[in-house]
Amino acid sequence: MSARARIVVVAAVTAASFLAAGRAGATVTTFDFHRMSNLNSVLTIYRQDILDGSILNRVAYRAGSGLNTNECDSAQYDSVGGWLPAGYYSLWGHWNNYTGDKIQGRVWYLQDKRCNGGTGQIRTDLFIHSEEDMYNRQLCGGSLPYVERFCWDGDRDYYSVGCIKISVAAPSPSDLARLHSNWDNWSGLHGSFVLAQRLYVY
Amino acid sequence: MRRAPEGRRRLRPLLRSPRRIVALLVVPFAATTVLMVHLFPAAAENPRSGRLEIAEGALTAPGVYVGGDDLTGPASSNADLRGHGQKLERAASSPLLGGDGPVAAPSPDGRLVAYSTWAWTRAVDWSKAFGDQGIAIGDRLGIPTLRIHDTHGNRDRALEAGTFDAAWRADGALAYVRGDPASYRANVPYLANVVVRASATAEPVAWTQQADRYRVYGWAGDRLVVTRGREGGGADAEVLDGPAKVRLLAGEAGVLGISPDGGQALVSVGAPGDGGVTLSLRSVADSTEAARLALSSVTDPVTGQALSWIAGPGSWTGDHVLVTSDAGLVVLHVTAASVSVEQVLHVDLDRVTTGSIYEPRFADAAARTVVWWADVPRDGTAPASAQFVCDRYALTCKRSANVAASQAPRPVYNLSGGGR
Chain W
17 MSARARIVVV AAVTAASFLA AGRAGATVTT FDFHRMSNLN SVLTIYRQDI
67 LDGSILNRVA YRAGSGLNTN ECDSAQYDSV GGWLPAGYYS LWGHWNNYTG
117 DKIQGRVWYL QDKRCNGGTG QIRTDLFIHS EEDMYNRQLC GGSLPYVERF
167 CWDGDRDYYS VGCIKISVAA PSPSDLARLH SNWDNWSGLH GSFVLAQRLY
217 VY
Chain L
35 MRRAPEGRRR LRPLLRSPRR IVALLVVPFA ATTVLMVHLF PAAAENPRSG
85 RLEIAEGALT APGVYVGGDD LTGPASSNAD LRGHGQKLER AASSPLLGGD
135 GPVAAPSPDG RLVAYSTWAW TRAVDWSKAF GDQGIAIGDR LGIPTLRIHD
185 THGNRDRALE AGTFDAAWRA DGALAYVRGD PASYRANVPY LANVVVRASA
235 TAEPVAWTQQ ADRYRVYGWA GDRLVVTRGR EGGGADAEVL DGPAKVRLLA
285 GEAGVLGISP DGGQALVSVG APGDGGVTLS LRSVADSTEA ARLALSSVTD
335 PVTGQALSWI AGPGSWTGDH VLVTSDAGLV VLHVTAASVS VEQVLHVDLD
385 RVTTGSIYEP RFADAAARTV VWWADVPRDG TAPASAQFVC DRYALTCKRS
435 ANVAASQAPR PVYNLSGGGR
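Chains W and L supply the protein sequences, listed in that same order. Quick note, the first sequence lines up with residues 17 to 218 if you use the numbering used here. Quick note, the second sequence lines up with residues 35 to 454 if you use the numbering used here.
Structure below.
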């Protein structure tokens, strides 16, 4: 096969792929996080056309991150951490019933990130999450035990050790429930996966 | 002539003269005052809380510092560094630890410096997503290695791969963590064991048997205070009484300092931001609490708001402990049975720093001079840092010119306490 014929074949296959994707209404679901303060920043979820990047849907939620604004302050050793470092992130998983030690329930798992333009500390264990247990329940007392890290009981819960936190407070559906619904409707991916450049923090 | 009785005769002249009465009162008062000033200088000049006023200026910070591969100490007790600085074999760097602990620690006699280094095994552009660079979970990205620099002979050698975070015991034993495996891998927790060498040249002995998110804080006499990180952030403070002898010092706690005699540790217990943080002074020998202080009782002198968080590593000199907080700096007065606040030094963190202060240290025996560093706000320029030298009695600081963040002048210090 000549070089010209090869190019034609490759182009045809590529075009067919795009057409197939377009027919399926191919979209991509992304986030951005605008850092404004530890307790009051904005997390936005987008549904974008995969071909031209145009925004089809967009929903913004109040979110928090960190205890201070130093993106190089890790909470690994002292529970005091700064907000999430700026830059692009890969998204490496989403679970409805995550069973971590301090973080449970509906979470999105982010890549590690070295702070301060790549000169400072490597921040690890980064998620988008709220305060609920692995069964998506609020452990706020009553018939269930009170566990502070699994009970959203006020705006101070927007503080985090570096992750992005979103409210699971009433009224129903909560911000977390609506965000999760957006994700389920637009992406639907669950479990471990590898999605490059799905979160931008600034 | 009639004589007065002896007793009355001695007293009468004194009682008759008001000037002498005043003199009698003034002389001992003055003597006491002079004595107080000499014995208790702090009592004569109580440090007040307030805003630290910061001005740019030439400064020479007391102590030893490392910035990149430059080891300096023009105003230190190390004679080998007073004349001129020395070049390290590698740049000091510890991206797994950041400003949460010393990147370099001096041996008890100051001659040796154990410092952390880092080698990337793969180029990473941290402004981009891992996925855009073909980096997958578990890919090896870098490896830490602890090195020992002899300031007397200006020699330098490496310990085993995967090591960092050193603390010296009073007799010269060296504790640190050793990764298992040695490399940092993308999005895989860096698990390590705590190991101890009886001297810098002795063979390493594992003090923990199961690799975990350990970090060595410092020696407390014969015992080793460590933190064990938790998934998702935060840590427990633990004590290693010897190899494989692990004991909880305080759950969900950050270590702020170890007392100079090694008998006690000050920890911050509870989740910051929830208003329930307590400073707790604990016996290292049996973990019992000797004193506590609710952080909510401490207020910022400028904003009037209660502090949200307090963090180490602290600097403990005599009865004073210096730590960072959301107000700036806090000086605690700590005795064997009490913890109280002596001074809150407000720093406009958002204007002066990128959000918090790193590694504040008392730089003199009187606990008057304070040295710290910070990353500084940038406006499109390369990341930069600066050093600050403060007189906490005068509430003034000198700030150095900006340097590249990779050259930040970091203090060389050992967080250990006690002898052996």
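A virtual CB, placed ideally from N, CA and C, is assigned to each residue, including glycine.
Cβ of residue i within 8 Å of Cβ of residue j?
i, j, result
"L:Leu180", "L:Tyr210", "yes"
"L:Ile292", "L:Asn221", "no"
"W:Arg51", "W:Thr60", "no"
"L:Thr312", "L:Arg326", "yes"
"L:Ser127", "L:Thr151", "yes"
"L:Arg247", "L:Leu225", "yes"
"W:Gln213", "L:Asp166", "yes"
"L:Gly307", "L:Ser342", "yes"
"L:Val318", "L:Val273", "yes"
"L:Val381", "L:Leu363", "yes"
"L:Ala139", "L:Trp202", "yes"
"L:Tyr427", "L:Pro142", "no"
"W:Tyr105", "W:Leu195", "no"
"W:Ser144", "W:Ile180", "The sequence given here has Ile at residue 144 of chain W, not Ser. Yes, they are a contact pair."
"L:Gly263", "W:Gln127", "no"
"L:Pro417", "W:Gly157", "no"
"L:His183", "L:Leu146", "yes"
"L:Ile177", "L:Thr155", "yes"
For residue i and residue j, I'd like the C-alpha separation in whole angstroms.
i, j, result
"L:Asp205", "L:Arg189", "21 Å"
"L:Leu193", "L:Pro443", "24 Å"
"L:Val239", "L:Leu449", "21 Å"
"L:Gly346", "W:Arg165", "23 Å"
"L:Asp384", "L:Ala408", "11 Å"
"L:Ser4", "L:Pro411", "This structure cannot speak to residue 4 of chain L, because chain L is shown only from 35 to 454."
"L:Val404", "L:Gly414", "30 Å"
"L:Ala236", "L:Leu208", "9 Å"
"L:Ala305", "L:Asp134", "17 Å"
"W:Leu211", "W:Gly170", "33 Å"
"W:Gly136", "L:Ser440", "8 Å"
"W:Gly204", "W:Asn112", "11 Å"
"L:Gly268", "L:Val260", "13 Å"
"W:Asn201", "W:Thr45", "10 Å"
"L:Phe63", "L:Val289", "Summary for L:Phe63: the model assigns pLDDT 45, below 50, so the residue's position carries little reliability, and this model does not support an answer."
"W:Glu147", "W:Ala186", "13 Å"
"L:Asp199", "L:Val446", "12 Å"
"L:Asp173", "L:Gly266", "21 Å"
"L:Pro96", "W:Ile119", "43 Å"
"L:Ala65", "L:Asp425", "Low confidence applies here, because L:Ala65 scores a pLDDT of 47, under 50, leaving its location unreliable and the question unanswered by this model."
Please classify residue i as buried or exposed, where buried requires at least 16 other C-beta atoms within 10 Å of its C-beta.
i, result
"W:Tyr151", "exposed"
"W:Tyr174", "buried"
"L:Arg116", "exposed"
"W:His206", "exposed"
"W:Ala28", "Unreliable placement is indicated for W:Ala28, whose pLDDT of 42 sits below 50; the coordinate value is still reported in the next sentence. Its Cβ having fewer than 16 others within 10 Å, W:Ala28 is exposed."
"L:Leu73", "With a pLDDT of only 42 at L:Leu73, under the threshold of 50, the placement of this residue in the model should not be trusted, and no figure is reported."
"L:Glu90", "exposed"
"W:Val58", "exposed"
"W:Leu72", "exposed"
"L:Ser110", "buried"
"L:Val68", "Confidence is the limiting factor: at L:Val68 the pLDDT is only 42, short of 50, which leaves the residue's position unreliable, though a coordinate-based value still follows. Flag for L:Val68 reads exposed."
"L:Trp253", "buried"
"L:His186", "exposed"
"L:Ala287", "buried"
"L:Gly455", "The structure shown does not extend to residue 455 of chain L, since chain L is modelled only from 35 to 454, so the question has no answer here."
"L:Gln377", "buried"
In chain order, what residues of the same chain have a beta carbon less than 8 Å from the beta carbon of residue i, not counting five sequence neighbours either side?
i, result
"L:Pro294", "Trp350, Thr351, Gly352, Gly451, Gly452"
"W:Gly103", "Lys129, Tyr216, Val217"
"L:Glu87", "Leu429, Thr430, Cys431"
"W:Arg172", "Leu55"
By Cβ distance below 7 Å, which residues in the same chain neighbour residue i in space, the five residues on each side in sequence not counted?
i, result
"L:Pro39", "Residue placement at L:Pro39 is poorly supported in this model, since its pLDDT is 38, which falls under 50; the coordinates still yield a value, given next. Nothing meets the Cβ criterion."
"W:Ser176", "Gly80, Ser81, Gly82"
"L:Ser314", "Ala284, Val301, Val303, Glu323, Arg326"
"W:Arg63", "Thr43, Thr45, Leu72, Asn73, Trp202"
"W:Trp168", "Ser146, Glu147, Gln154, Ser183, Val184, Ala185"
Which same chain residues, not among the five before or five after residue i, have their C-beta less than 6 Å away from its C-beta?
i, result
"L:Ala232", "Ala207"
"L:Gly255", "Gly296, Gly452"
"L:Gly196", "Arg212, Gly213, Ala216"
"L:Val229", "Arg212, Pro238, Ala240"
"L:Arg433", "Ile88, Glu90, Ala420, Phe422"
Can you check the stretch 256-333 of chain L for any beta strand (DSSP E) of at least 3 residues that lies completely inside it and give the ranges in chain order?
-> 257-263, 269-276, 279-284, 287-292, 298-303, 312-317, 323-328
Problem set entry | Every unbroken alpha helix (DSSP H) inside the stretch 113-154 of chain L [4 residues or more] | 113-116
_Contiguous alpha helix (DSSP H) assignments of at least 4 residues, all confined to the stretch 334-414 of chain L_ = 383-386
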